[in-house]
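J.: What follows is a structure written as structure tokens; I'll ask about it next.
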Amino acid sequence: MFFSRVGQSVTPRRGVLLALSVVAPALVVSACTSDKKDINLATYVDQTEPADVLYNQGLANMNAGRLDEASKKFDAVDRQHPYSEFARKSMVMGAFADYRAGNYDEAIGTAKRYLTLYPSTDEAAYAQYIIGLCYYRQIKDVTQDQKEARQTIQTMQDLVTRWPNSEYVADAKDKIRFANDQLAGKEMQIGRYYLERREYIAAVKRFRTVVENYSSTRHVEEALARLTESYYAMGLTSEAQTAAAVLGHNYPDSPWYKDSYKLLQSNGLEPRENAGSWISKAGKMITGA
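Letter by letter, the sequence shown follows residues -31 to -1, 1 to 258 of mature numbering (1 follows the signal peptide of the UniProt record, and there is no 0).
So this is what it looks like as structure tokens:
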């Protein structure tokens, strides 16, 4: 009876086939959707691991030198348990892990975010310090742009000002001195370029910047000698004598002073300070490298 009924009804049979052809793709889509839900569920389970477990995993990875893995674990704490104590600590440790891995932009971004969210915590000074270290590690040779040196000075000076009792202050000051030395070195490089081309006014401008703005760097000796040379070449002997006198007063044993003294003597001159000169006034600020 069943077979006869099926044979007697052609149209419904076609309808069933058509229905199956529609249902079959739907089953495939449903299966794919189900798989995706399974993946999302697994991800969800992974994303809700306890904060302390993720944090300790991050520390273990960092101690083992697996910095990228450590960064991922610390990021997971922040993502899964936002605004928790472990998230706060993980943010700083994640910035440090990125810094150690050379991912400076990521480290700076995370540390700045920490300072925005938690500016008054004990780790805030450390976050600021990490930002400064990231800029410091990117300082280039004096033949190149010194943007990172300026950023290092600004960031580390903010650290010294805002957290004067921090354990990072001493190293921050060292980094500031180095960055200032780089900026002075850049000015010297440009000044020498102009001096070699006998563009004395442009050269004097650069050497003057070193004497007035970077008086505690190691470049001051040469800057004063180059000022002696530049002013002498321009016929401004009083300024040349003053530059040499200030150089001799602050660095009497310097080879640069000996060269400057010899240059003046070649024309019967000797170092003599003019108290009204800008060089004399700037000389009082020189502290030596």
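Where a beta carbon is used, it is the ideal one built from N, C-alpha and C, also for glycine. Note that the coordinates shown come from a computational prediction; the quantities given were computed from them, not determined experimentally.
When DSSP labels each residue in this structure, what does Q(-24) get in the three-state scheme?
T.: Start at 1 with the first residue of the sequence shown, and residue -24 comes out as number 8. Bear in mind that the predicted position of Q(-24) carries a pLDDT of just 36, short of 50, making it unreliable; the figure below should be weighed with that in mind. Of the three classes helix, strand and coil, the one that applies to Q(-24) here is helix, per DSSP.
J.: What residues in its chain sit with their C-beta under 7 Å from that of D127, if we drop five residues either side in the sequence?
T.: The residue you call residue 127 lines up with position 158 of the sequence shown. Same-chain partners within the cutoff: Q97.
J.: Express the C-alpha separation of Q115 and I248 in angstroms, rounding to a whole number.
T.: By 1-based counting over the sequence shown, the position of residue 248 is 279. By 1-based counting over the sequence shown, the position of residue 115 is 146. Approximately 26 Å between the Cα atoms of the pair.
J.: Let me know if V(-9) comes out buried or exposed under the rule of 16 or more other beta-carbons within 10 Å of its beta-carbon.
T.: Along the sequence shown, read from residue 1 onward, the residue named residue -9 stands at position 23. Annotation note: pLDDT 38 at V(-9) (below 50); position unreliable, no value reported.
J.: Should N30 go down as buried or exposed, given a rule of 16 or more other Cβ atoms within 10 Å for buried?
T.: Position 61 of the sequence shown, counted from the first residue, corresponds to residue 30. Answer is buried; the Cβ neighbour count reaches 16.
J.: Take the Cβ of R57 as the centre, count every other Cβ of all protein chains shown within 10 Å, and call the residue buried at 16 or more, exposed below.
T.: On the sequence shown, residue 57 is found 88 positions in, with the first residue counted as 1. Looking at its Cβ environment, which holds 16 or more other Cβ atoms inside 10 Å, R57 is buried.
J.: Cα-Cα, which of A172, G217, E208 and L233 is closest to A244?
T.: What you label residue 244 is simply residue 275 of the sequence shown in a count that begins at 1. Answer by Cα proximity: E208.
J.: Who are the Cβ neighbours of L238 in its own chain at under 8 Å, not counting the five residues just before and after it?
T.: Position 269 of the sequence shown holds residue 238. Closer than 8 Å at the Cβ level, and outside the excluded window around L238, lie T206, A209 and Q210.
J.: By the 10 Å Cβ neighbour count, where 16 or more other Cβ atoms means buried, how is Y183 classified, buried or exposed?
T.: Locating residue 183 in the sequence shown gives position 214, where the first residue counts as 1. Classification of Y183: buried, given that the 10 Å Cβ count is 16 or more.
J.: Report buried or exposed for A139, applying the criterion of at least 16 other Cβ atoms within 10 angstroms of its Cβ.
T.: For the purposes of this step, residue 139 is identified with residue 170 of the sequence shown, where counting begins at 1. Counting Cβ neighbours within 10 Å, A139 comes out exposed, since fewer than 16 surround it.
J.: I'd like the ranges of any beta strand (DSSP E) spanning at least 3 consecutive residues and lying wholly in the segment 142 to 187.
T.: Whole beta strand (DSSP E) segments, 3+ residues: zero.
J.: Can you tell me where the alpha helix (DSSP H) holding Y87 begins and where it ends?
T.: Counted from its first residue, the sequence shown places residue 87 at position 118. Looking at the DSSP string, Y87 is not in any alpha helix (DSSP H), and its letter there is neither H nor E.
J.: Once you ignore the five residues that flank D37 on each side, which residues in its own chain have a CB closer than 7 Å to its CB?
T.: Taking the sequence shown and counting its residues from 1, one reaches residue 37 at position 68. Cβ within range, chain order: A70.
J.: What whole-angstrom Cβ distance do V61 and Y95 have, given they're in contact under 8 Å?
T.: For the purposes of this step, residue 61 is taken as the residue at position 92 of the sequence shown. For the purposes of this step, residue 95 is taken as the residue at position 126 of the sequence shown. Contact holds; Cβ gap of about 6 Å.
J.: Grab me the residues of V173's own chain with a C-beta within less than 6 Å of its C-beta, minus the 5 sequence neighbours each way, in chain order.
T.: Residue numbering aside, residue 173 sits at position 204 when the sequence shown is read from its first letter. These residues qualify, in order along the chain: S199.
J.: How many whole angstroms separate the CB atoms of G27 and D47, which I take to be in contact at a CB cut-off of 8 Å?
T.: Position 58 of the sequence shown, counting from 1, holds the residue named residue 27. Position 78 of the sequence shown, counting from 1, holds the residue named residue 47. Wrong, their Cβ atoms sit about 10 Å apart, outside the cutoff.
J.: So is E191 buried or exposed if we call it buried at 16+ other beta carbons inside 10 Å?
T.: For the purposes of this step, residue 191 is taken as residue 222 along the sequence shown, with counting starting at 1. Under this definition E191 is a buried residue.
J.: I'd like the span of the alpha helix (DSSP H) that includes K42, first residue to last.
T.: As a working mapping, residue 42 is identified with position 73 in the sequence shown. Counting along the chain, the alpha helix (DSSP H) containing K42 begins and ends at L36 to Q49.
J.: Would you give the residue range spanned by the alpha helix (DSSP H) that D110 belongs to?
T.: Taking the sequence shown and counting its residues from 1, the one referred to as residue 110 is at position 141. That residue, D110, is in no alpha helix (DSSP H); it is neither H nor E in DSSP.
J.: Please check if any C-beta of chain B sits within less than 8 Å of the C-beta of G160.
T.: Looking at the structure shown, chain B is missing, and only one protein chain is on hand.
J.: Near S53, what residues of its chain come up, given a Cβ to Cβ distance below 7 Å and the 5 sequence neighbours on each side ignored?
T.: For this step, residue 53 is matched to residue 84 along the sequence shown. Answer for S53: A20, listed in chain order.
J.: Where L84 and Y73 are concerned, what is the direct C-alpha to C-alpha distance, given to the nearest angstrom?
T.: Stepping through the sequence shown from its first residue, residue 84 is reached at position 115. Stepping through the sequence shown from its first residue, residue 73 is reached at position 104. Cα to Cα, the separation comes out at about 16 Å.
J.: Assuming S229 and A194 make a contact with CB atoms under 8 Å, what is their CB distance in whole Å?
T.: Position 260 of the sequence shown, counted from the start, is the residue given in the question as residue 229. Position 225 of the sequence shown, counted from the start, is the residue given in the question as residue 194. So it is a contact: roughly 5 Å between Cβ atoms.
J.: Any idea what DSSP makes of L193, helix, strand or coil?
T.: Here residue 193 corresponds to residue number 224 of the sequence shown, with the count starting at 1. In this structure, L193 counts as helix in the three-state DSSP scheme.
J.: Please report the residue range of the alpha helix (DSSP H) in which Y68 lies.
T.: Taking the sequence shown and counting its residues from 1, the one referred to as residue 68 is at position 99. Unbroken alpha helix (DSSP H) run through Y68: E54 to R69.
J.: I want to check one thing, is the minimum distance from the CB of S199 to the heavy atoms of the ligand ADP below 7 Å?
T.: Absence of the ligand ADP is noted for the structure shown, with no ligands found whatsoever.
J.: Do the CB positions of G154 and T124 come within less than 8 Å of each other?
T.: Reading the sequence shown from its first residue, position 185 is the one you call residue 154. Reading the sequence shown from its first residue, position 155 is the one you call residue 124. Not in contact: G154 and T124 (Cβ atoms no closer than 8 Å).
J.: Just mark R166 as buried or exposed, buried being the case when its beta carbon has 16 or more other beta carbons within 10 Å.
T.: Along the sequence shown, one-based indexing puts residue 166 at 197. The residue in question, R166, is exposed, as its Cβ has fewer than 16 Cβ neighbours within 10 Å.
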